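I have placed the structure first, in the form of structure tokens, so that the comments after it can refer back to it.
Numbering (the working numbering), first residue to last: 2 to 826.
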């Protein structure tokens, strides 16, 4: 055959590839990871071990009864291939196929494999693969025509760009284009690792999906190894044309359904395959580092010359770790290292730290940022025995690192400092979980006097003992939330403690803010919370950790007992009187102050048990739950119309106001000293004060001019309007970004109309608030209140008006009374 016009160029490329293969020859059957697949190596491209010519490309091509179509494909090979000697076409034909028996074509190297009739397409492809010898293999059909001259050079250049050979080359079939790789082109290295080109069980349609999904799973793990070549056209003629002129692939629906079942069943296998490929890629990448280290070792000629103290850890009993005797790597993760906050962070580190190496990870607001992945990169390259991971909104002070070092012990794996926010308020002293197995958690707002064990950690700043925990990586499924929660639990699983250092306090500008400010972040939080729940609670890992590890930690005993006490407040025993319950709740509630997560858990579940009702605190079944809201600061009716007074409990204090008074407002009571009201610290005292009062509530009302009917109406209207406008302002502030984004989507007017129609139908402003059926607790978005930014409570936007009172300012607690109270059940 006449050499191709660009044979010199081809020879240069194949020679370079052969040189590359020779460099890999020392890796054959060698594994750098225990139990991992060997790093494979091929013979120099184009030459076998016995000097036989080996093709570069093998085309796996099952065919039956269509020699004309096959000749058309082979003609395109002959016309468009620069070096035809470097390819082979492996035909698979049935024994009973008379049209293909003895098929011959000059000008293209062909192998023929004869098989038993009736095999699935997966088995046919594997039969051809086992007979092939090329370094790169493509699954092809006989109804394809190659349209791109020099396609072989273009594809070879892609494969040469990946030294480990793990890449899927995706050509343009003019039907699916970039959406699906119909004709997957992979390396023999890939097949050696996976053990097959494709599963034999597929009938036809899911073979390409199977291979494509494996490489997509690699992409999920951070390795983009699918290369689409829109200019390399392998036109697939298996289509029909729609009325719009679009090519539509012709499917056999029954075969699609049968293959879909197998495709779904093999998902776990594909994940294992992707993990093997990822392991191979990582080991191949580490090969260069191993060679470099070996070169350093090979330079040693005198065995005694390296017997120096610099290769020894000296640990006397009196040794205390400090920055003076221990070198540390400090890694800062930043979105913009030029920002004022980041510069301040770096300046503080340089000012207050000695004996350290600094690594700055600046993603420059790039897309697809993954905090876990960035920290794992540091864990891969760290050379010191200790590593500090830090966000760029953390400011350290004098002696911060020594304070962390002093907490290191043989059983400690990670140390975290205490936090204060930008205003100087304490914001972090550990993590506590809500006891409902939901994954919800919160910071502990109490400062320990000594080293405190914590169930998990905040990743804003942490010191890691690399020798103990360097093998533990952050789970990259968590992009933003729960990455530190998961990491801390896995430190405990590995047998090491996570502790808070009492002597080191850093300023964390985002400290104590676990809320999500936008709908997108709320949705991400909820998605990752569910994943955390499935990983830790659904599998029993967290419960096992509690039973086998946490139960043996003395610091957690009091916390577990306190959590149990909080749970008992939700379920009052029938043998316990309301007065005994109130006394017990009054003792427990102040202890919740350092644990906002437990407080939120308590009131969330209390609100759920109330199911929209809010009776008086004397209610036989739900009175104890209502009393809890009174402890928090919501006005709670204790006794209605008692000698002309309503007895109200609010913020651990009891008040008696005239029964005809339309509004209970703590701020106005204390502001107007001459206002007729009674108050006491106990229920018995307020009842005694009422019975001892020389006048009734009605007499007091009659004697005061400002209790006129008109003023009462105006006062009620004032609070109603204040609530309405306050909620409107809050909702508009939170929703304007979401609405603006939604306006860019089609159908905005239709969706808005339907939403308003449903809202009006519910008539949220018609609800009357009575004394014995109060609204949900008031306050400036208290812990127990549903948050508009929480995806689980977005539907609560359409709640009735009485439930919107949660948006009011906590300091101005008030209670609007519209109707005369009914009898308490």
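In this text, a Cβ means the ideal position worked out from N, Cα and C, and glycines have one as well.
Keep in mind that this is a model prediction, so the values were computed, not measured.
Original post:
Which of helix, strand or coil does DSSP assign to residue 27?
Top reply: Residue mapping note: residue 27 aligns to position 26 of the chain shown, counting from 1. Bear in mind that a pLDDT of 37 at residue 27, under 50, signals an unreliable position, so the number given afterwards is only what the model happens to contain. DSSP places residue 27 in helix when its eight states are reduced to three.
Subject >> Beta-carbon spacing of residue 413, residue 463 below 8 Å >> reply: Taking the chain shown and counting its residues from 1, the one referred to as residue 413 is at position 412. Taking the chain shown and counting its residues from 1, the one referred to as residue 463 is at position 462. No. Outside cutoff.
**OP:** Starting from the C-beta of residue 109, find all residues in its chain whose C-beta is less than 7 Å away, skip the five residues before and the five after it, and write them out in chain order.
**Re:** Within the chain shown, residue 109 is the residue found at index 108, counting from 1. So the qualifying residues of the chain are 75, 78, 79, 85 and 90.
Original post:
Between the stretch 158-177 and the stretch 220-235, are three or more C-beta pairs nearer than 8 Å?
Top reply: Short answer: they touch.
Original post:
Does the distance from the CB of residue 570 to the CB of residue 624 come in under 8 Å?
Top reply: Numbered from its first residue, the chain shown carries residue 570 at position 569. Numbered from its first residue, the chain shown carries residue 624 at position 623. When the beta-carbon positions are compared, residue 570 and residue 624 stay at least 8 Å from each other.
Original post:
When you compare only the Cα positions, how much space is there between residue 648 and residue 345?
Top reply: Mapped onto the chain shown, residue 648 falls at position 647. Mapped onto the chain shown, residue 345 falls at position 344. Going by the C-alpha atoms only, they are around 55 Å apart.
Subject >> Backbone secondary structure at residue 365 - three-state DSSP >> reply: Mapped onto the chain shown, residue 365 falls at position 364. Reduced to three states, the DSSP call for residue 365 is coil.
Original post:
residue 281 to residue 193, Cα distance in whole Å?
Top reply: By 1-based counting over the chain shown, the position of residue 281 is 280. By 1-based counting over the chain shown, the position of residue 193 is 192. Straight-line spacing of the CA atoms in residue 281 and residue 193 works out to 11 Å.
Original post:
Just checking my contact of residue 406 with residue 322 at CB under 8 Å: how many whole Å lie between their CB atoms?
Top reply: As a first step, residue 406 is located in the chain shown; it is residue number 405 there, counting from the start. As a first step, residue 322 is located in the chain shown; it is residue number 321 there, counting from the start. The Cβ separation is near 4 Å, so the contact holds.
Original post:
Around the C-beta of residue 72, are 16 or more other C-beta atoms found within 10 angstroms, so that it is buried, or is it exposed?
Top reply: Start at 1 with the first residue of the chain shown, and residue 72 comes out as number 71. Residue 72 is exposed by the Cβ-count criterion.
Subject >> Range covered by the beta strand (DSSP E) that runs through residue 114 >> reply: The residue given as residue 114 occupies position 113 in the chain shown. Run containing residue 114: 111-116, per the beta strand (DSSP E) assignment.
Original post:
Helix, strand or coil: how does DSSP classify residue 178 here?
Top reply: Numbered from 1 along the chain shown, position 177 holds the residue referred to as residue 178. Reduced to three states, the DSSP call for residue 178 is helix.
Original post:
So the beta strand (DSSP E) residue 455 belongs to, where does it begin and stop?
Top reply: In the chain shown, the residue the question calls residue 455 occupies position 454. Premise fails: residue 455 is in no beta strand (DSSP E) and is neither H nor E.
Original post:
Is it true that the stretch 483-503 meets the stretch 521-541, where meeting means three or more beta-carbon pairs spaced less than 8 Å apart?
Top reply: The stretch 483-503 makes contact with the stretch 521-541: 3 or more CB pairs, one atom from each, lie closer than 8 Å.
Original post:
Can you tell me whether DSSP reads residue 55 as helix, strand or coil?
Top reply: One-based indexing of the chain shown puts residue 55 at position 54. Residue 55: coil per DSSP, three-state reduction.
Original post:
Rounded to a whole number of angstroms, what is the C-alpha to C-alpha distance between residue 163 and residue 381?
Top reply: Within the chain shown, residue 163 is the residue found at index 162, counting from 1. Within the chain shown, residue 381 is the residue found at index 380, counting from 1. Answer to the nearest angstrom: the Cα atoms are 21 Å apart.
**OP:** Output the distance between the C-alpha atoms of residue 243 and residue 375, rounded to the nearest integer angstrom.
**Re:** In the chain shown, the residue the question calls residue 243 occupies position 242. In the chain shown, the residue the question calls residue 375 occupies position 374. The straight-line gap from Cα to Cα measures roughly 47 Å.
**OP:** Quick one: which unbroken beta strand (DSSP E) runs of 3-plus residues sit fully inside the stretch 409-471? Chain order, please.
**Re:** Those beta strand (DSSP E) runs which fall completely within the stretch 409-471 and span 3+ residues are 413-421, 427-429, 432-434, 442-444 and 462-466.
Original post:
How would you write the range of the alpha helix (DSSP H) that residue 219 sits in, first residue to last?
Top reply: Walking along the chain shown from the start, residue 219 turns up at place 218. Start and end: 208-221.
Original post:
For residue 360 versus residue 342, is the C-beta spacing smaller than 8 Å?
Top reply: Taking the chain shown and counting its residues from 1, one reaches residue 360 at position 359. Taking the chain shown and counting its residues from 1, one reaches residue 342 at position 341. Against a cut-off of 8 Å, the Cβ pair of residue 342 and residue 360 comes out as no contact.
Subject >> Rounded separation between residue 465 and residue 390 - CA only >> reply: Locating residue 465 in the chain shown gives position 464, counting from the first residue. Locating residue 390 in the chain shown gives position 389, counting from the first residue. Whole-angstrom Cα-Cα distance: 8 Å.
**OP:** Could you check what DSSP says for residue 473 in three-state terms: helix, strand or coil?
**Re:** As a working mapping, residue 473 is identified with position 472 in the chain shown. Here residue 473 sits in coil by DSSP.
Original post:
Since residue 498 sits in a beta bridge, which residues does DSSP pair it with?
Top reply: For the purposes of this step, residue 498 is taken as the residue at position 497 of the chain shown. Looking at the DSSP output, residue 498 bridges to 413.
**OP:** Assuming residue 237 contacts residue 365 (C-beta within less than 8 Å), just tell me the rounded distance between them.
**Re:** Numbered from 1 along the chain shown, position 236 holds the residue referred to as residue 237. Numbered from 1 along the chain shown, position 364 holds the residue referred to as residue 365. Not a contact, Cβ separation roughly 41 Å.
Subject >> Where the alpha helix (DSSP H) through residue 199 begins and ends >> reply: Here residue 199 refers to the residue found at position 198 of the chain shown. It is not in any alpha helix (DSSP H) - residue 199 carries neither H nor E in the DSSP assignment.
Original post:
Near residue 363, what residues of its chain come up, given a Cβ to Cβ distance below 6 Å and the 5 sequence neighbours on each side ignored?
Top reply: For the purposes of this step, residue 363 is identified with residue 362 of the chain shown, where counting begins at 1. Result list for residue 363: 335 and 338, in chain order.
Original post:
Helix or strand or just coil, what does DSSP make of residue 632?
Top reply: By 1-based counting over the chain shown, the position of residue 632 is 631. In the three-state reduction of the DSSP assignment, residue 632 falls in the helix class.
Subject >> Cut-off 6 Å between Cβ atoms - residues of its own chain near residue 41, not counting five sequence neighbours on either side >> reply: Along the chain shown, one-based indexing puts residue 41 at 40. Bear in mind that the predicted position of residue 41 carries a pLDDT of just 44, short of 50, making it too unreliable to give a figure here.
Original post:
For residue 95, which beta-bridge partners are listed by DSSP?
Top reply: Residue numbering aside, residue 95 sits at position 94 when the chain shown is read from its first letter. In the DSSP output, where bridge partners are listed per residue, residue 95 has 116.
Original post:
According to the Cβ coordinates, are residue 692 and residue 644 closer than 8 Å?
Top reply: Counting from one through the chain shown, the residue named residue 692 turns up at place 691. Counting from one through the chain shown, the residue named residue 644 turns up at place 643. At the C-beta level, residue 692 and residue 644 come within 8 Å of one another.
**OP:** Under 8 Å by Cβ, that's how I've got residue 329 and residue 419 pegged, so tell me the actual separation to the nearest angstrom.
**Re:** Counting from 1 along the chain shown, the entry for residue 329 is found at position 328. Counting from 1 along the chain shown, the entry for residue 419 is found at position 418. Residue 329 to residue 419, Cβ: 19 Å. No contact.
**OP:** Measuring alpha carbon to alpha carbon, tell me which of 249, 101, 105 and 123 ends up nearest residue 115.
**Re:** As a first step, residue 115 is located in the chain shown; it is residue number 114 there, counting from the start. The shortest Cα separation from residue 115 among 249, 101, 105 and 123 belongs to 101.
**OP:** Output the boundary residues of the alpha helix (DSSP H) element that contains residue 70.
**Re:** Translated into the one-based positions of the chain shown, residue 70 becomes position 69. That run of the alpha helix (DSSP H) goes 68-81.
Subject >> Same chain, Cβ closer than 6 Å to residue 349, neighbours up to 5 away in sequence not counted >> reply: Counting from 1 along the chain shown, the entry for residue 349 is found at position 348. Taken in chain order, the residues that qualify are 396 and 397.
**OP:** My understanding is that residue 638 touches residue 617, with C-beta atoms under 8 Å, so please give their C-beta distance in whole angstroms.
**Re:** In the chain shown, counting from the first residue as 1, residue 638 sits at position 637. In the chain shown, counting from the first residue as 1, residue 617 sits at position 616. About 4 Å separates the two Cβ atoms, so the contact holds.
Original post:
Is residue 483 helix, strand or coil by DSSP?
Top reply: Against the chain shown, residue 483 aligns to sequence position 482. Looking at residue 483 - three-state DSSP - the assignment turns out to be coil, as it is neither helix nor strand.
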